[in-house]
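Worksheet: one structure, shown below.
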Amino acid sequence: MGDLDVRKLRMLRELDERGTVAAVAQALHLTPSAVSQQLVALSKEAGVRLIEPVGRRVRLTDAARVLLRRANEIFAELERVQADLLAYSEGSVAEVRVAGFAATLSGLVLPAVRELRDSHPGVVVRLVESDPPHSFDQLVRGDVDVVLSLESKDSPAATDRRFHRVALLAERFDVALPVDHPLAHAPVVRLADLANEAWIFSNTGTCRDISFAACIAAGFTPEIVHHIGDWEATLGAVALGLGLALVPRLINAGPRDDVVIRVLDAEQPTRHVFAAVRRGSEEAAHLAAVLAALTAAAELKAADREVSLHD
Numbered sequence: 018m019g020d021l022d023v024r025k026l027r028m029l030r031e032l033d034e035r036g037t038v039a040a041v042a043q044a045l046h047l048t049p050s051a052v053s054q055q056l057v058a059l060s061k062e063a064g065v066r067l068i069e070p071v072g073r074r075v076r077l078t079d080a081a082r083v084l085l086r087r088a089n090e091i092f093a094e095l096e097r098v099q100a101d102l103l104a105y106s107e108g109s110v111a112e113v114r115v116a117g118f119a120a121t122l123s124g125l126v127l128p129a130v131r132e133l134r135d136s137h138p139g140v141v142v143r144l145v146e147s148d149p150p151h152s153f154d155q156l157v158r159g160d161v162d163v164v165l166s167l168e169s170k171d172s173p174a175a176t177d178r179r180f181h182r183v184a185l186l187a188e189r190f191d192v193a194l195p196v197d198h199p200l201a202h203a204p205v206v207r208l209a210d211l212a213n214e215a216w217i218f219s220n221t222g223t224c225r226d227i228s229f230a231a232c233i234a235a236g237f238t239p240e241i242v243h244h245i246g247d248w249e250a251t252l253g254a255v256a257l258g259l260g261l262a263l264v265p266r267l268i269n270a271g272p273r274d275d276v277v278i279r280v281l282d283a284e285q286p287t288r289h290v291f292a293a294v295r296r297g298s299e300e301a302a303h304l305a306a307v308l309a310a311l312t313a314a315a316e317l318k319a320a321d322r323e324v325s326l327h328d
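If you want my numbering, it's the position in the sequence shown, counting the first as 1, plus 17.
Take a look at the structure:
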């Protein structure tokens, strides 16, 4: 066995996660032929066959899986080594690139940046608006250092050993009603009470899936009359009486006098927000500081929102 190239090992791991050479090539911004050549070269370095053809696809051999079990430990240790090396650069500025969808940037990352300016002035945060699965491709490539994501079909499984995850927020959905709606100021609002209403949903995505599932669980199939992806436009449509909407609490909607946001009794749709870094890198002081600031921002956001909705 010769020396194993870590970059080629990463390609093998990505093949295990993504299933096809084409998917690996797309994620790593390479051509499929380049990926194939690197995997063949890795087999030669390892001295064993690592992939085998199955029809028009390939699959990992048992030897490849043995190698990957050790490789995941190697990748995490390399991240720790980088953290140790960075620790020697005391007083230097540490840049952390954080990728997230729009609501997390405004609702969590910006408050975290504000806190870090005082607690860790040497940490500089760069913001990147990005959604899964692309944001996780960026994390794997090293283009970003932290990803904020929802638990969804587009995010990696919680058991994915490439990443270290930190749960941030169980974000509830409330219902937006026009101010003159009969239930706008009712003592209690249940989702089942709104079964005969017209609804405004986004076209696709986790919010739509969660909202639709919540309605089904409440005993009705929602009549979706409008499909709007922008939350400001959604609330504007609610104000005009065009329909009701289930809205997550992270959306940065300012106070309005034409829309009432009500907490649902019993049935409370929820989406889960988490942060992810490359496994092993969480031990770096600058990344640990960012993760701690994000956690604090999430806790404060949850507490503030509960107070404002119950005032």
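Even for Gly, the Cβ is constructed at its ideal location relative to N, Cα and C.
Which residue comes first and which comes last in the alpha helix (DSSP H) that contains residue i?
i, result
"E62", "P49 to A63"
"V23", "V23 to R35"
"D135", "L127 to S136"
"V157", "H151 to R158"
Could you check the C-alpha separation between residue i and residue j for me, to the nearest Å?
i, j, result
"E146", "A44", "17 Å"
"T221", "S169", "12 Å"
"L77", "S60", "11 Å"
"D282", "A235", "11 Å"
"A40", "H198", "49 Å"
"D321", "E214", "30 Å"
"V196", "A250", "16 Å"
"C232", "V290", "21 Å"
"R87", "R178", "12 Å"
"V324", "K318", "Its pLDDT being 47, under 50, V324 is placed unreliably in this model, and the coordinates cannot settle the point."
"D162", "R30", "19 Å"
"V206", "R189", "15 Å"
"A174", "L261", "33 Å"
"V141", "A302", "13 Å"
What is the DSSP secondary structure of residue i, reduced to helix, strand or coil?
i, result
"H46", "coil"
"P173", "coil"
"A201", "coil"
"T287", "strand"
"V324", "Residue placement at V324 cannot be trusted, given a pLDDT of 47 that sits under 50; the coordinates are not used to answer."
"L281", "coil"
"A301", "coil"
"A319", "helix"
"V206", "coil"
"A310", "helix"
"L185", "strand"
"A88", "helix"
"A100", "helix"
Decide if residue i is buried, meaning its Cβ has at least 16 other Cβ atoms within 10 Å, or exposed.
i, result
"A58", "exposed"
"E316", "exposed"
"A93", "buried"
"R66", "exposed"
"Q55", "buried"
"L257", "exposed"
"E96", "buried"
"T238", "exposed"
"P138", "exposed"
"D101", "exposed"
"D275", "exposed"
"G297", "buried"
"D191", "buried"
Any idea which residues DSSP pairs residue i with across the strands?
i, result
"G117", "E146"
"T221", "None, per the DSSP bridge assignment."
"D274", "None; D274 has no bridge partner."
"D191", "V264"
"W248", "None; W248 has no bridge partner."
"E112", "V141"
"F180", "R295"
Under a CB-based cut-off of 8 Å, is residue i close to chain C?
i, result
"R76", "In the displayed structure, chain C is absent; only one protein chain is listed."
Where does the unbroken beta strand (DSSP E) through residue i begin, and where does it stop?
i, result
"R266", "Unbroken run through R266: none, as it is neither H nor E."
"V164", "V163 to L167"
"P239", "No beta strand (DSSP E) contains P239, which DSSP labels as neither H nor E."
"E69", "I68 to V71"
"R74", "R74 to L77"
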